[in-house]
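If you use my numbering, the sequence shown corresponds to residues 9 to 232, in order.
Beta carbons: idealized from backbone N, C-alpha and C, even for Gly.
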Amino acid sequence: MLIPPIYRVDGENWAVEIVDRHPLALLISNGKTVPEATQVPIVRRPASGDDQLTGTSLLGHMNRANPHWATLAHETAAKLIFMGPGGYVSPTLYNTDVAAPTWDFVTVHLHGTVTLAASLDETLSVVMTTARTLESRFGSGFDFEASHDYHSSLAPGVGAFSFHVEKVEAMFKFSQEKSPEIQEHVIAWFADGNGGSCTDIAGTMRKLGLGKASRKKREPGSAS
Numbered sequence: 009m010l011i012p013p014i015y016r017v018d019g020e021n022w023a024v025e026i027v028d029r030h031p032l033a034l035l036i037s038n039g040k041t042v043p044e045a046t047q048v049p050i051v052r053r054p055a056s057g058d059d060q061l062t063g064t065s066l067l068g069h070m071n072r073a074n075p076h077w078a079t080l081a082h083e084t085a086a087k088l089i090f091m092g093p094g095g096y097v098s099p100t101l102y103n104t105d106v107a108a109p110t111w112d113f114v115t116v117h118l119h120g121t122v123t124l125a126a127s128l129d130e131t132l133s134v135v136m137t138t139a140r141t142l143e144s145r146f147g148s149g150f151d152f153e154a155s156h157d158y159h160s161s162l163a164p165g166v167g168a169f170s171f172h173v174e175k176v177e178a179m180f181k182f183s184q185e186k187s188p189e190i191q192e193h194v195i196a197w198f199a200d201g202n203g204g205s206c207t208d209i210a211g212t213m214r215k216l217g218l219g220k221a222s223r224k225k226r227e228p229g230s231a232s
């Protein structure tokens with residue numbers, strides 16, 4: 009993936025955050041005629057660190073009836089693509105008559121290998137870990153204990169795997185090429201629900217230090 013230097017971020021902790029907050033990834037691997045691609049839920053293993061993906065293993069699963077599953081084998085080379093917040097930026101924010109629209113976004117590409125679950129017990133463990141992780145992050149405290157037998161009945165139809173991460177690519181394209189004043193307009197644009205109503209972009213831009221925070225960094229002697 010082409011990542012202009014201005015859209016790069018330091019450290020893998022930013023990529024970890026996108027993987028955790030946007031866990032529905034696109035798994036891509038070689039097929040017979042064209043690449044196979046399937047949307048799959050992906051979670052990091054429990055107790056994984058929050059600042060590293062390279063060298064770690066992620067957990068995922070799909071329906072065994074999916075033709076993609078039949079093409080996977082032990083240590084299949086593959087890629088996971090996570091899409092973070094994104095939205096349309098109108099040229100009206102640039103205060104000029106000559107401008108082009110753009111789309112600000114975050115994407116994380118993970119290169120690695122797939123290892124298939126070797127047993128039903130391992131498959132069930134991946135499914136339950138995924139369910140508990142996503143419920144703790146996005147749900148409202150559902151207790152899975154009573155559903156153990158139900159999940160066990162589903163396991164034979166599930167293809168579970170681990171994904172060993174060998175390389176991480178992250179692109180955070182958030183109008184970094186614009187002035188802090190324009191970035192502030194972009195942040196306000198998204199915060200107001202424009203450009204696709206993705207207010208998450210505004211918060212991410214703030215965390216990256218764009219907008220007013222960026223102006224303070226660039227102006228010597230400015231108040232902190």
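Residue j beta carbon less than 9 Å from that of residue i
i: M179; j: F198; result: no
i: A139; j: A168; result: no
i: T110; j: S37; result: no
i: G57; j: L88; result: no
i: I233; j: D59; result: It is not possible to answer for residue 233, since the shown part of the chain is limited to 9 through 232.
i: G95; j: C206; result: yes
Selection from the options that minimises the alpha carbon distance to residue i
i: G92; options: H117, L132, Y158, K186; result: H117
i: R45; options: K186, P188, L34, F182; result: According to the sequence as given, residue 45 is Ala; it is not Arg. Among K186, P188, L34, F182, the Cα nearest to that of A45 is on L34.
i: D151; options: Q60, V48, M136; result: M136
i: V114; options: T62, V122, F90, L128; result: F90
i: P188; options: S98, T131, L216; result: L216
i: R29; options: H156, R145, V194; result: R145
i: L132; options: H156, V194, E192, V106; result: H156
Through-space distance from residue j to residue i, alpha-carbon basis
i: I26; j: W77; result: 25 Å
i: A108; j: Y102; result: 9 Å
i: G165; j: K186; result: 50 Å
i: Y15; j: L162; result: 42 Å
i: G149; j: T141; result: 11 Å
Identity of the residues DSSP links to residue i by a beta bridge
i: N71; result: V166
i: E177; result: H117
i: L13; result: In the sequence under discussion, the amino acid at residue 13 is Pro, which differs from the Leu named in the question. Partner(s): none; P13 has no beta bridge.
i: H37; result: With the sequence shown as reference, residue 37 is identified as Ser, and His is not the correct amino acid for it. In the DSSP output, where bridge partners are listed per residue, S37 has E44, A86.
Cβ shell of residue i (< 7 Å), same chain only, five flanking positions each side left out
i: I190; result: L101, Y102, S183
i: G63; result: V173
i: M9; result: H117, E177, M179
Residues near residue i by beta carbon distance below 8 Å, same chain, minus five either side
i: G201; result: T207
Cutoff 9 Å: residue i Cβ touching any chain C Cβ
i: I50; result: Absent from the structure: chain C. Only one protein chain is present.
Closer than 8 Å: residue i CB and nearest the ligand ZN heavy atom
i: D18; result: With respect to the ligand ZN, the structure shown offers nothing to examine, as it has no ligands at all.
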